[in-house]
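Colleague:
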Ligand SMILES: Nc1ncnc2c1ncn2[C@@H]1O[C@H](COP(=O)(O)OP(=O)(O)O)[C@@H](O)[C@H]1O
Ligand SMILES: [Mg+2]
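Chains as they are written, first to last, in this note's numbering: chain A, 1 to 325; chain B, 1 to 326.
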């Protein structure tokens, strides 16, 4: 177990280094921020002065080494636009994205698992087929389109829910969250649903495949031979078995949910990290872009790690192997 | 009075390759406390027969004909709900592979308590007590502690004991034991065999013991039914069938048991392979492998004849004289 954890840690470090290189030079390529930082009618002397101040006059590799040196001390640079430390800036936008992702995750499980289990149970019937057809839409409809459709229906036509921005927030553990206030929650529903749609389809398919497989197992037949009801077989015997792969995949997907909430946040003007990224790209705010990507990588690594641990806790067979080694 | 009466049972599988008549006109009956050995090579339809009784045949299979009467009620006429109330309560089943029958992610306690509470509205505590005493009955040491364990913490033999304990939980009238010892090694096999025999005798539970090994049922069963290609080809009291088999197939099965034939005799094997159930020959299904085959056997299938009062046979060329046919 320890060996396994150490190996995972070493892998993570490699990924981190590789990402640093890719991210830094990738962002370096997309344009010269100086064009945006100073007014068009600045004198060459002013331009040169600004270049020196931000260190743009040095060769790329020197800039990179400096970046790595600072990064190792937890400093990913200062936003050109906001003047704040990029990390602090991103962290201040993070709670909004995290709570949106959490609610999205909740929706995708709450929608996907029951639909999938039912579809697996009725795999050969029209109910099962209908659910599977529906999930294809969930997979293929683009996020922004779904978002706009939801806005059109629930905000514009029905006027049930607000469409943009973030409602009231309450302070919890030093973070401003809207998930705990009724008004704030209303603002979250549409973007969270939009974010959840793809994952819900994924969960539906996973749950269906898992259910179908579990239903063929001897232990289900034995449970039936014991006289256990179909409901209990599905809710206890099947569900407990399929939750292991579902949690694994969802955990991995949580990373992408946080990292790529970009489109959804833009459509709903949700002030999260994704929206910050888009704004930073538009202003070529290099440190923020780089810091965002680096933090995304770290989140991914952290989540994968956590998933492994949860997986171990869920599956008694893995648990014992771990204890033995 | 018989507690189970199976008449002309037909269970077919509707596969892409055609209709497989896995069970094709099987009849037998059991009285209370009786042990019936259902014997035949793998693929002969023994398990499907067992599952048909519990109404647990998986698609694409279906019971398409015959009658199963359990304590006077026609099982086919019961609603799903009524059938579920019977399963695990009046009729229990033990499966072949103990590694697969218990749910790997649920504790033994969960799996035993639910079996009690599916039929009895008792407290968790009461159900748990019943589980503990059932585990003790099948010889599981420190049952109270073992309840908290997961299946993978038990050996194969112990898991099968758990499955047997589950079958005993509600004091059923009938247990269908589908090759419960086949996957276990020989010493454990005989231990479990002896225990089950004793338990069945104590509780007066009727037992259908399915096996491919005649030797296993020799000391256990009151009656034996020998199955071949979905049909019972010979049945009768165990002693009579074993000492004077009437069907060439039964004789073949006996010939492959070590120590059964006379001293110095070689073990014989039935020539040929178990038939492809999707394309059975016309006439007697055993004809291609039979030493006594004649033209009649290839063109028409033998009907059931009874003889000796309590024996029956499907063969044109019996190995024993057919006396006093009733
Ligand atoms: N799910 C299935 N699909 C198609 N055919 C099946 C299925 N299950 C069983 N059969 C057929 O039924 C026959 C009898 O199977 P089974 O009762 O399991 O044999 P055994 O005597 O070894 O227990 C098999 O030879 C096979 O042809
Ligand atoms: Mg079988």
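Backbone N, C-alpha and C define an ideal beta-carbon position, used for all residues, glycine too.
1. In terms of alpha-carbon separation, which member of B/291, B/288, B/322 and B/45 lies closest to residue 304 of chain B?
2. Is it true that the CB of residue 172 of chain B sits closer than 8 Å to the CB of residue 205 of chain B?
3. If you pair each beta-carbon of the stretch 31–49 of chain B with each one of the stretch 289–300 of chain A, do three or more pairs fall below 8 Å?
4. Thinking just about the alpha-carbon of each residue, which of B/245, B/53 and B/130 is nearest to the one in residue 27 of chain B?
5. What residues are listed by DSSP as bridge partners for residue 12 of chain B?
6. Take the Cβ of residue 325 of chain B as the centre, count every other Cβ of all protein chains shown within 10 Å, and call the residue buried at 16 or more, exposed below.
7. Have a look at the DSSP bridge pairing and note the partners of residue 209 of chain B.
8. Once the 5 residues before and after residue 151 of chain A are set aside, which same chain residues still bring their CB inside 7 Å of it?
9. Tell me the DSSP secondary structure of residue 285 of chain A in three-state form.
10. Below 8 Å on the Cβ atoms is my contact criterion, and I expect residue 232 of chain A with residue 114 of chain B to pass it. Report the Cβ-Cβ distance as a whole number of Å.
11. Output needed in chain order: residues of the stretch 66–86 of chain B with a Cβ under 8 Å from some Cβ in chain A.
12. Would you give the residue range spanned by the beta strand (DSSP E) that residue 223 of chain B belongs to?
13. Looking at the strands, I want to know which residues DSSP matches up with residue 171 of chain A.
14. Would residue 137 of chain B and residue 199 of chain B qualify as a contact pair, given that the criterion is a beta-carbon distance under 8 Å?
15. Report back the beta-carbon spacing between residue 103 of chain A and residue 192 of chain A to the nearest angstrom; my notes put them in contact at under 8 Å.
16. Which of the three DSSP states is assigned to residue 114 of chain A in this structure?
17. Quick one, which residues of the stretch 91–107 of chain B are near chain A if we go by CB-CB under 8 Å, in chain order?
18. Do you know offhand how far residue 322 of chain A's Cα is from residue 241 of chain A's?
19. Take residue 11 of chain B as the anchor and find which of B/41, B/60 and B/40 has the nearest alpha-carbon.
20. So, is the C-beta of residue 114 of chain B closer than 8 Å to a C-beta in chain A?
21. With DSSP collapsed to three states, give me the class of residue 234 of chain B.
22. Measure from the C-beta of residue 113 of chain A to each C-beta in chain B and report whether the shortest distance is under 8 Å.
23. Under 8 Å between the Cβ atoms of residue 187 of chain A and residue 167 of chain A?
24. Mind checking whether the beta-carbon of residue 41 of chain B lies closer than 7 Å to any heavy atom of ligand 2?
25. Quick one: what does DSSP say residue 30 of chain B is sitting in, helix, strand or coil?
26. If you reduce the DSSP assignment to three classes, tell me which class residue 273 of chain B lands in.
27. Report the residues of the stretch 236–249 of chain A with a CB closer than 8 Å to any CB of chain B, ordered along the chain.
28. Which residues of the stretch 183–216 of chain A have a Cβ closer than 7 Å to any Cβ of chain B? Give them in chain order.
29. For a contact meaning CB atoms closer than 7 Å, what does residue 317 of chain B contact in chain A?
30. Pick out whichever of B/40, B/177, B/7 and B/49 has its Cα sitting closest to the Cα of residue 13 of chain B.
31. Just to confirm my understanding: we take residue 149 of chain B, look at its own chain, exclude 5 residues before and 5 after, and list those with CB closer than 6 Å. What are they?
32. Is the CB-CB distance between residue 181 of chain A and residue 138 of chain A below 8 Å?
33. Going by CA-CA distance only, name the one from A/229, A/199 and A/239 that's closest to residue 212 of chain A.
34. Assuming residue 182 of chain B is part of the beta strand (DSSP E), what are its boundary residues?
35. So that I know if they touch, is there some Cβ in chain A lying closer than 8 Å to that of residue 54 of chain B?
36. Could you give the residue range of the beta strand (DSSP E) that holds residue 252 of chain A?
Modeller: Quick look at the numbers:
1. Numbered from 1 along the second chain, position 304 holds the residue referred to as residue 304 of chain B. Comparing Cα-Cα distances from residue 304 of chain B to each of B/291, B/288, B/322 and B/45, the minimum goes to B/322.
2. Your numbering for residue 205 of chain B matches position 205 in the second chain. Your numbering for residue 172 of chain B matches position 172 in the second chain. Cβ atoms of residue 205 of chain B and residue 172 of chain B: closer than 8 Å.
3. The stretch 31–49 of chain B is not in contact with the stretch 289–300 of chain A.
4. Sequence index remark: in the second chain, residue 27 of chain B carries index 27 (1-based). Nearest to residue 27 of chain B by alpha-carbon distance, out of B/245, B/53 and B/130, is B/53.
5. Stepping through the second chain from its first residue, residue 12 of chain B is reached at position 12. Partner(s): B/62.
6. To locate residue 325 of chain B, count along the second chain from 1; it is residue 325. Low local confidence applies: a pLDDT of 47 at residue 325 of chain B is under 50, so the model's placement there is unreliable, with the coordinate-based value given in what follows. Here residue 325 of chain B is exposed: its Cβ has fewer than 16 other Cβ atoms, across all protein chains shown, within 10 Å.
7. Counting from one through the second chain, the residue named residue 209 of chain B turns up at place 209. B/37 and B/177, per the DSSP bridge assignment.
8. Against the first chain, residue 151 of chain A aligns to sequence position 151. The answer, listed in chain order, is 163 and 190.
9. Indexing the first chain from 1 puts residue 285 of chain A at position 285. Residue 285 of chain A: coil per DSSP, three-state reduction.
10. Numbered from its first residue, the first chain carries residue 232 of chain A at position 232. Numbered from its first residue, the second chain carries residue 114 of chain B at position 114. The pair is a contact, with the Cβ atoms about 7 Å apart (cut-off 8 Å).
11. So the list reads 84, 85 and 86, given in the order they occur along the chain.
12. Counting from one through the second chain, the residue named residue 223 of chain B turns up at place 223. Taken as a continuous stretch (DSSP letters only), the beta strand (DSSP E) holding residue 223 of chain B covers 223–228.
13. Position 171 of the first chain, counted from the first residue, corresponds to residue 171 of chain A. BP columns for residue 171 of chain A point to A/176.
14. For this step, residue 137 of chain B is matched to residue 137 along the second chain. For this step, residue 199 of chain B is matched to residue 199 along the second chain. Going by C-beta atoms, residue 137 of chain B is nearer than 8 Å to residue 199 of chain B.
15. As a working mapping, residue 103 of chain A is identified with position 103 in the first chain. As a working mapping, residue 192 of chain A is identified with position 192 in the first chain. Going by Cβ atoms, the distance from residue 103 of chain A to residue 192 of chain A rounds to 4 Å, so yes, they are a contact pair.
16. Position 114 of the first chain, counted from the first residue, corresponds to residue 114 of chain A. Assigned with DSSP and collapsed to three states, residue 114 of chain A falls in helix.
17. For the stretch 91–107 of chain B, which is checked against every Cβ of chain A, the residues closer than 8 Å are 92, 93, 95, 97, 100, 101, 102, 103, 104, 105 and 106.
18. As a position in the first chain, residue 322 of chain A is number 322, starting the count at 1. As a position in the first chain, residue 241 of chain A is number 241, starting the count at 1. Unreliable placement is indicated for residue 322 of chain A, whose pLDDT of 44 sits below 50; no coordinate value is reported for it.
19. For the purposes of this step, residue 11 of chain B is taken as residue 11 along the second chain, with counting starting at 1. Residue 11 of chain B has its Cα closest to that of B/60, out of B/41, B/60 and B/40.
20. The residue you call residue 114 of chain B lines up with position 114 of the second chain. Closer than 8 Å: yes.
21. By one-based count along the second chain, residue 234 of chain B stands at place 234. If DSSP states are grouped into helix, strand and coil, residue 234 of chain B belongs with the strands.
22. Position 113 of the first chain, counting from 1, holds the residue named residue 113 of chain A. At a cut-off of 8 Å, the C-beta of residue 113 of chain A has no neighbouring C-beta in chain B.
23. On the first chain, residue 187 of chain A is found 187 positions in, with the first residue counted as 1. On the first chain, residue 167 of chain A is found 167 positions in, with the first residue counted as 1. Between residue 187 of chain A and residue 167 of chain A, the CB-CB gap stays under 8 Å.
24. Numbered from its first residue, the second chain carries residue 41 of chain B at position 41. Checking every heavy atom of ligand 2 against the Cβ of residue 41 of chain B, none is found closer than 7 Å.
25. The residue labelled residue 30 of chain B in the question sits at position 30 within the second chain. Residue 30 of chain B: strand per DSSP, three-state reduction.
26. For the purposes of this step, residue 273 of chain B is taken as the residue at position 273 of the second chain. In the three-state reduction of the DSSP assignment, residue 273 of chain B falls in the coil class, being assigned neither a helical nor a strand state.
27. Sequence-ordered contacts of the stretch 236–249 of chain A with chain B read 236, 237, 240, 241 and 244 [C-beta pairs closer than 8 Å].
28. Residues: none.
29. Against the second chain, residue 317 of chain B aligns to sequence position 317. The contacting residues do not exist; residue 317 of chain B stays about 40 Å from chain A at best.
30. By 1-based counting over the second chain, the position of residue 13 of chain B is 13. Ranking B/40, B/177, B/7 and B/49 by Cα distance to residue 13 of chain B puts B/49 first.
31. Within the second chain, numbered from 1, the residue matching residue 149 of chain B stands at position 149. Non-local C-beta neighbours of residue 149 of chain B in its own chain, meaning closer than 6 Å and more than five positions away in sequence, comprise 108, ordered along the chain.
32. Residue mapping note: residue 181 of chain A aligns to position 181 of the first chain, counting from 1. Residue mapping note: residue 138 of chain A aligns to position 138 of the first chain, counting from 1. For residue 181 of chain A and residue 138 of chain A, no; Cβs fall outside 8 Å.
33. As a working note, residue 212 of chain A is residue 212 in the first chain. Nearest C-alpha to residue 212 of chain A: A/239.
34. Counted from its first residue, the second chain places residue 182 of chain B at position 182. Judged by DSSP secondary structure, residue 182 of chain B falls outside any beta strand (DSSP E); it is assigned neither H nor E.
35. Counting from one through the second chain, the residue named residue 54 of chain B turns up at place 54. So yes, residue 54 of chain B belongs to the interface.
36. As a first step, residue 252 of chain A must be located in the first chain, where it is residue number 252. Element bounds for residue 252 of chain A: not the beta strand (DSSP E) but the alpha helix (DSSP H), 239–259.
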